[in-house]
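Visitor: Count along the sequence shown starting at 1, add 33, and that's the number in the numbering used here.
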Amino acid sequence: MRHKTRANPPFPPVKQAKHVDIADGAPVCCPFSCVVSPLTMGCSFDVSLLLGGLMSNETYRQFDPWRPSPVKEISRRQIVETHYFNVDHVSYESNQIGSFERYFVQENNGDTVAVLAVTDDGMIPLVEQYRIANHRWTLEIPAGHANNPSERPTDVAKRKLAEEAGFDATKLTQFTRFMNTPSYSTQHTAIFFATGLTPASRQEIGPETPRSDVRMVSVDDAYEMVVNGTIVDAKTMVAILRLKSGTLDHLND
């Protein structure tokens with residue numbers, strides 16, 4: 034499929050592409066010191082997990098890990114069940130205020146998986162998405178969920194890169210994992226870095242996005258779109274800021 038770069042609204046035009054050699058960025062003092070997470074403080078990776086393309090809840094180094102939970106869970110009841118998430122009604126007891134209740138989104142089938150892909154000439158495929166909950170178009174890196182609990186994150190990354198962006202990758206490496214909305218959800222997003230891209234068959238995204246295109250954007254232009262508010266999707270912002278900072282250079286060594 035031919036990838037198009039369009040300049041029509043709602044997104045500003047994309048400038049002429051610039052060559053970016055991902056392997057020639059600035060050196061980093063510690064290649065594993067820049068996970069984007071409010072719970073991460075410095076170098077805390079299990080290197081074997083990163084190089085294997087897998088991360089877990091143990092990836093984070095919690096601040097003040099000695100602090101106990103200030104509340105006690107009394108009961109939990111599932112009130113909504115879907116393929117991707119459940120909604121639980123949870124009752125708690127607190128020494129300060131007594132009993133209280135909350136509703137939480139519980140993620141199913143593992144993490145959301147996203148893919149930051151870069152072509153040999155330094156272009157990033159960004160997918161046009163119509164997000165019906167917010168009634169607006171967005172530009173995003175490819176992402177999605179496992180079809181079943183047995184589908185590995187790396188396999189999800191491969192599938193979503195092909196389905197949404199129309200590329201296969203010879204190399205996929207997970208470089209970060211973050212909490213989406215920790216105040217009311219257990220959802221995490223794992224982001225993979227994809228290189229060695231070749232064209233693949235792209236699929237329709239869904240009924241809410243019937244005419245989606247892929248926009249090939251240079252690293253500098255993608256960064257500018259984050260800064261000026263054109264790109265507002267959180268996982269895409271995290272991925273582009275990490276790439277622009279040069280902290281992914283070691284992944285191609």
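By construction, the Cβ of each residue, glycine as well, lies at the ideal position given by its N, Cα and C atoms.
(1) Just how far apart, CA to CA, sit Leu-72 and Pro-186?
(2) From this set, Lys-191, Ala-166, Val-252 and Val-259, which residue's C-alpha is nearest His-178's C-alpha?
(3) Considering only the alpha carbon of each residue, which of Tyr-117, Ala-272, Lys-105 and Arg-110 lies closest to Tyr-125?
(4) Once DSSP output is grouped into helix, strand and coil, what is the label at Ser-108?
(5) For the alpha helix (DSSP H) that Ile-273 lies in, which residues bound it at each end?
(6) Between Ser-127 and the rest of its own chain, which residues show a CB-CB distance below 6 Å, the 5 nearest in sequence each way excluded?
(7) Sort Thr-280, Ile-107 and Ala-150 by Cα distance to Lys-193 and report the nearest one.
(8) Please give the ranges of any alpha helix (DSSP H) in the stretch 172 to 246, keeping only runs that are unbroken, at least 4 residues long and fully inside the region.
(9) Here's the rule I'm using: 16 or more other beta-carbon atoms within 10 Å means buried, otherwise exposed. How should Asn-181 be labelled?
(10) Am I right that Ile-130 and Asp-121 are in contact with their C-beta atoms under 8 Å? What's the rounded C-beta distance?
(11) Just the C-alpha distance for Ile-157 and Phe-208, rounded to the nearest angstrom, thanks.
(12) List the endpoints of the continuous alpha helix (DSSP H) containing Val-260.
(13) Please report the straight-line C-alpha distance between Thr-145 and Ile-273, rounded to a whole angstrom.
(14) For Glu-184 versus Leu-172, is the C-beta distance shorter than 8 Å?
Guide: Looking at the coordinates:
(1) The sequence position of residue 72 within the sequence shown is 39, counting from 1. The sequence position of residue 186 within the sequence shown is 153, counting from 1. Its pLDDT being 30, under 50, Leu-72 is placed unreliably by the model, and nothing is read from it.
(2) In the sequence shown, counting from the first residue as 1, residue 178 sits at position 145. With distances taken between CA atoms, His-178 lies nearest to Lys-191 out of Lys-191, Ala-166, Val-252 and Val-259.
(3) For the purposes of this step, residue 125 is identified with residue 92 of the sequence shown, where counting begins at 1. Of the candidates Tyr-117, Ala-272, Lys-105 and Arg-110, the one whose C-alpha sits nearest the C-alpha of Tyr-125 is Lys-105.
(4) Here residue 108 refers to the residue found at position 75 of the sequence shown. Of the three classes helix, strand and coil, the one that applies to Ser-108 here is strand, per DSSP.
(5) Counted from its first residue, the sequence shown places residue 273 at position 240. Run containing Ile-273: 267 to 278, per the alpha helix (DSSP H) assignment.
(6) By 1-based counting over the sequence shown, the position of residue 127 is 94. Answer for Ser-127: Val-104, listed in chain order.
(7) Locating residue 193 in the sequence shown gives position 160, where the first residue counts as 1. Out of Thr-280, Ile-107 and Ala-150, Ala-150 has the C-alpha closest to the C-alpha of Lys-193.
(8) 186 to 193
(9) Taking the sequence shown and counting its residues from 1, one reaches residue 181 at position 148. So Asn-181 ends up on the exposed side.
(10) Your numbering for residue 130 matches position 97 in the sequence shown. Your numbering for residue 121 matches position 88 in the sequence shown. About 20 Å separates the two Cβ atoms, so there is no contact after all.
(11) In the sequence shown, counting from the first residue as 1, residue 157 sits at position 124. In the sequence shown, counting from the first residue as 1, residue 208 sits at position 175. Roughly 17 Å between the two C-alpha positions.
(12) Here the question's residue 260 lines up with position 227 in the sequence shown. Residues 252 to 260.
(13) Your numbering for residue 145 matches position 112 in the sequence shown. Your numbering for residue 273 matches position 240 in the sequence shown. Their Cα atoms are separated by approximately 17 Å.
(14) Counted from its first residue, the sequence shown places residue 184 at position 151. Counted from its first residue, the sequence shown places residue 172 at position 139. Taking 8 Å as the Cβ cut-off, Glu-184 and Leu-172 do not qualify as a contacting pair.
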